[in-house]
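Numbering (the working numbering), first residue to last: 313 to 667.
Note that CB positions come from ideal geometry on N, CA and C, so glycine has one too.
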Ligand SMILES: [Zn+2]
């Protein structure tokens, strides 16, 4: 078991970095760019652990996990590893993170920490999370450190959106792009963290999660899952009740709460659950195996004999109708209105007489 075994999907980047170190080409500044929740920060910490580990040479890019340096990195107490990030609930990464609070400006903060001699080894390492949230003042302060870094310093910046990082900072670093996780890696992580118990559920969720563990975590919100189950129950019911479903979804989203952006995001998840339902039903009907099987969708599909192409077409038309609602939500149409119209139209299509 090495430090890299816990990090999925990024082995090419580990290899790339290892070769850079072996050729003595390790740069002092890197930007790790890629969507939220794919392990960029974990990766940065692993790099730091490898470079500090007392039992492995730098060029191995490995960590034992047992020496005092490894333990300090894992505990977040290594004296030469400095991490800053956007404070909880704040939109910006403030200058205080780099230069200390006003009353102690220049005598605290990341720039100060990096300017001091290493205490344990021969280098200082910094990880800047949410680096694109630096305000101009913070960026200016940090730029000086980036332009004249201390010897052997390694600064790793983490950004979800590379375009949002100030060009002056970006141009002084090497950019390493991280891909979204593959569904199999995501499903593996969900099972490993015991977020879900059933491999089939992990597989189904991973298909919806856009390659991001952060999205998977949002989808696993118990209240949202309850709404998902209510949606599946109603869609599978032979007595589909549009009014009841609208009411359930709207009040459910309201109960979850959050600002309008959160409600919109949760509504989109519900829509994606609906898409997954009809996709799963269509796959079942056409005799194909899908990644994750939704039992309610299978029982829905069993209503059709599966022999006539019209059945499949009908299910795909339901899928299309749900997909249209995702576009409506994206266009900022009020969520309750979107859901009401969707449920009403699904009801019309699903009424036995209509078929
Ligand atoms: Zn070690």
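| query | Quick one: Cα of residue 651 to Cα of residue 426, how far? | reply | Distance between the alpha carbons of residue 651 and residue 426 is about 53 Å.
| field | Any 3 or more C-beta pairs closer than 8 Å across the region 440-447 and the region 318-337 | value | Judged by Cβ distances under 8 Å, the region 440-447 makes no contact with the region 318-337, as fewer than three pairs qualify.
| Beta-carbon gap between residue 634 and residue 641 smaller than 8 Å | Contact flag unset, no.
| field | Counted within 10 angstroms of its Cβ, other Cβ atoms place residue 607 as buried (16 or more) or exposed | value | Around the C-beta of residue 607, fewer than 16 other C-beta atoms lie within 10 Å, and the residue is accordingly described as exposed.
| said: Just list the residues that DSSP pairs residue 438 with in beta bridges. | reply: DSSP lists 394 and 467 as partners of residue 438.
| said: So, with DSSP's three-state summary, where would you put residue 361? | reply: Secondary structure of residue 361 (DSSP, three-state): helix.
| field | Helix, strand or coil at residue 481 [DSSP, three-state] | value | Here residue 481 carries a helix assignment [DSSP, helix/strand/coil].
| said: Tell me the DSSP secondary structure of residue 667 in three-state form. | reply: Note on residue 667: pLDDT 47, under 50, position unreliable in the model; no value is reported.
| said: For residue 492, count the other beta carbons within 10 Å of its own beta carbon; 16 or more makes it buried, fewer makes it exposed. Which is it? | reply: Buried: at least 16 other Cβ atoms inside 10 Å.
| Under the criterion of a Cβ to heavy atom distance below 7 Å, does residue 371 qualify as lining ligand 1? | Incorrect: residue 371 has no Cβ contact closer than 7 Å to ligand 1.
| said: Per the DSSP calculation, residue 494 is bridged to which residue(s)? | reply: The partner list for residue 494 (beta bridge, DSSP) is empty, contrary to what the question assumes.
| said: Whole angstroms are fine: how far does the CA of residue 351 sit from the CA of residue 451? | reply: The straight-line gap from Cα to Cα measures roughly 24 Å.
| query | What's the gap between the Cα of residue 410 and the Cα of residue 543? | reply | Between the C-alpha atoms of residue 410 and residue 543 there is a straight-line separation of about 48 Å.
| request: Measure the C-alpha to C-alpha separation of residue 435 and residue 365 and round it to an integer number of angstroms. | output: Residue 435 and residue 365: Cα-Cα distance of roughly 12 Å.
| residue 576 to residue 639 span [Cα, whole Å] | Near 12 Å, if we compare the C-alpha coordinates of residue 639 and residue 576.
| Does DSSP put residue 500 in a helix, a strand or coil? | Three-state result, residue 500: helix.
| The alpha helix (DSSP H) spanning residue 631 covers which residue range? | Segment 621-642, the alpha helix (DSSP H) holding residue 631.
| request: Pick out whichever of 458, 654 and 405 has its Cα sitting closest to the Cα of residue 559. | output: The residue among 458, 654 and 405 with its C-alpha nearest the C-alpha of residue 559 is 654.
| request: Buried or exposed for residue 617, please, with buried defined as at least 16 other CB atoms from any protein chain shown within 10 angstroms of its CB. | output: Exposed: under 16 other Cβ atoms inside 10 Å.
| request: Using the Cα positions of residue 458 and residue 402, report the straight-line distance between them to the nearest angstrom. | output: Rounded to the nearest whole angstrom, the CA to CA distance from residue 458 to residue 402 is 24 Å.
| said: Need the endpoints of the beta strand (DSSP E) that residue 489 sits in, please. | reply: Counting along the chain, the beta strand (DSSP E) containing residue 489 begins and ends at 486-489.
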